Amino acid sequence: MRLSQLSIAVVGCGFVLGSTAAYSDVTVKIGQASPLTGEIAHIGKDSENGVRLAIEDLNARKLKIGGQQVTFVLDTQDDAADPKTAVTVAQKLVDDHVVGVVGHQNSGTSIPASKVYADAGIPMITESATNPTLTAQGFKTVFRMVANDERQGTVIGTYMVKDLKARKVAIVDDRTAYGQGLADEVNKAVKAAGGEVVDREYGTDKTTNWMALLTSIKSHAPDGIVFASVDTSAAAFTQQARKLGIKAVIIAGDAACTPQYIKLAGSAMNGNVYCTLAGVPAASMPQGSVFFKRFQGRFGTPVQLYAPYAYDAVMAMANAMQAAGSTDPKVYISKLRGDSFDGVTGHIQFDDKGDIRNGAITVRQYQNGEWFDKTVVR
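Per my numbering, the very first residue in the sequence shown carries number 402; after that it's consecutive.
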């Protein structure tokens, strides 16, 4: 199928198909949908900037697909980290005749949106949604750039008990698809490693006052606390925990593994605060140091979390289109699923479910104002 104009939507980073015009250059419109407003807008903007940088690089290469030069254009959308809004955004992108989508950013938005794209036969790649349910639905159109929470939860629970020697563990989540899903996996892993889960508590992704919950946790005298929510919540939780005199080691999941957590938590951060990243750090990425410097120079802000994976998600889709010689989803999706390429973050190849092969988890510890990479578990 040869097209004279193309739009590609990226939710978290993606693509959209239009129509019309003469047989000239192809315009590839890459939409982007992530939380661009609200408490985690800084993470959504991080992914948006990853997409933007990928588009700029593709245009500099003057890429050809099916013999025609393409120009990539960004169309950004705000799903506000809200499941209902995400479905509306997804349907809008489908109605705009998208031929591919990268996103969404959150598990709670990605899961409901994925059905909209599956029904339309449009591939989606998420740069950061980690709930295992996303790829377990059986949709052949869903792909994930990072390790899922079965892997992350296992690493957190095992590291807490085996490496940090915490025998009594409390687990806190925010009742989102991400938070509760990760907490459930940690719960299993702590027990499997020989630890005891002494308390499970939850708030929401908008909770700011954790004192009552922390008072309950303190009564159980845990050695370690696992916190599964976003960085803004983790910062408030950590501050209030230290204010109550809780000295237990804290491990936060990947949604909190950002510079913003450190900035907001301030003096409450100490050597007993850890986080995990559902991927590899810059030092372990083949092109990591170059990418991080370019990103900082282009946008005037450091990478917050998954911008490199958003970048590679766009490149994976463009690579598949070029290999297939087509922008038709029915044609290029086989290349997306079957082919592989070397990206900024490493070797990119998806398994039969759409999960990244050989996904890694990085454990980080707060030290002297920044995250220090302790270990990468593959």
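All C-beta atoms in this analysis are idealised placements derived from N, C-alpha and C, irrespective of residue type, glycine included.
Since we're looking at a predicted model, the values are computed, not measured.
Buried or exposed: residue i, going by 16 or more other Cβ atoms within 10 Å of its Cβ?
i, result
"G509", "buried"
"D496", "exposed"
"M722", "buried"
"F693", "buried"
"V620", "The sequence as given places Ser at residue 620; Val does not occur at that position. Exposed is the call here."
"K644", "exposed"
"R779", "exposed"
"K648", "exposed"
"D447", "buried"
"A423", "The predicted position of A423 is uncertain, since its pLDDT is 39 and thus under 50; no value can be drawn from it."
"V691", "exposed"
"W507", "Sequence check: residue 507 is Asn here, not Trp. Label assigned to N507: buried."
"N769", "exposed"
"D753", "exposed"
"F773", "exposed"
"S529", "buried"
"Q661", "buried"
"F416", "Annotation note: pLDDT 40 at F416 (below 50); position unreliable, coordinate value reported separately. Buried: at least 16 other Cβ atoms inside 10 Å."
"K430", "buried"
"A669", "buried"
"I409", "Unreliable positioning characterises I409 in this predicted model, as indicated by a pLDDT of 46, which lies under 50. The coordinate reading is nonetheless provided below. Label assigned to I409: buried."
"A590", "buried"
"D476", "buried"
"S617", "exposed"
"E449", "buried"
"T763", "buried"
"R765", "buried"
Taking the beta strand (DSSP E) that residue i belongs to, which residues open and close that run?
i, result
"I626", "G625 to A629"
"Y603", "E597 to Y603"
"V650", "V650 to A653"
"S435", "V427 to S435"
"Y767", "I762 to Q768"
"A571", "K569 to D574"
"K775", "E771 to V778"
"D496", "From DSSP, D496 is part of no beta strand (DSSP E) but of the alpha helix (DSSP H) over P484 to D496."
Verify the contact flag: residue i, CB atom, against every heavy atom of the ligand GTP, threshold strictly below 8 Å.
i, result
"A622", "Only the bare structure without any ligand can be found here, which leaves the ligand GTP out of the picture."
Considering Cα atoms alone, identify which of the options is closest to residue i.
i, options, result
"V681", "M546, L464, K446 and G539", "M546"
"T728", "A578, L454 and T472", "T472"
"P436", "D480, K465 and N460", "D480"
"Y531", "V474, M716, Y710 and N671", "A quick correction: the sequence has Thr, not Tyr, at residue 531. Cα-wise, what sits closest to T531 is Y710."
"Q581", "Y603, V562, L565 and A571", "Y603"
"A434", "Q478, V427 and I466", "Q478"
"D458", "G744, L615, V764 and P533", "G744"
"S511", "V777, K569, V556 and A578", "A578"
"N759", "G747, A593, L454 and D713", "G747"
"I652", "V598, A637 and I557", "I557"
"R552", "N588, V650, S668 and R601", "N588"
"N671", "R738, G755, I444 and A636", "A636"
"K563", "T605, K592 and V474", "K592"
"I663", "Y767, A519, K731 and T605", "Y767"
"N549", "A584, K569 and T486", "A584"
Which residue comes first and which comes last in the alpha helix (DSSP H) that contains residue i?
i, result
"G698", "G689 to F700"
"Q581", "A578 to A593"
"F638", "D632 to K644"
"I734", "P730 to G739"
"R462", "A442 to R462"
Report, in whole angstroms, the separation of the C-beta atoms of residue i and residue j, which I expect to be a contact under 8 Å.
i, j, result
"G451", "A708", "3 Å"
"G596", "A567", "6 Å"
"F742", "I734", "Contact doesn't hold; Cβ gap of about 15 Å is too wide."
"I466", "V427", "7 Å"
"Q538", "V517", "So it is not a contact: roughly 12 Å between Cβ atoms."
"E586", "T555", "7 Å"
"D740", "A724", "6 Å"
"G625", "V650", "5 Å"
"F696", "L454", "6 Å"
Exercise for review: Report yes or no: do three or more beta-carbon pairs, one from the region 661 to 676 and one from the region 694 to 704, lie closer than 8 Å?
Suggested key: In short, these stretches do not touch, since the Cβ pair count stays below three.
Check your understanding: Taking three-plus beta-carbon pairs below 8 Å as touching, is the region 628 to 645 in contact with the region 655 to 662?
Key -> Enough Cβ pairs lie closer than 8 Å, so yes.
Review point. Does the pairing of the region 515 to 530 with the region 484 to 500 give three or more beta-carbon distances under 8 Å?
Key: By the criterion of at least three beta-carbon pairs nearer than 8 Å, the region 515 to 530 is in contact with the region 484 to 500.
**Study point:** Touching by the beta-carbon criterion (3+ pairs, under 8 Å), the region 605 to 619 and the region 535 to 552
**Key:** No, the region 605 to 619 does not touch the region 535 to 552.
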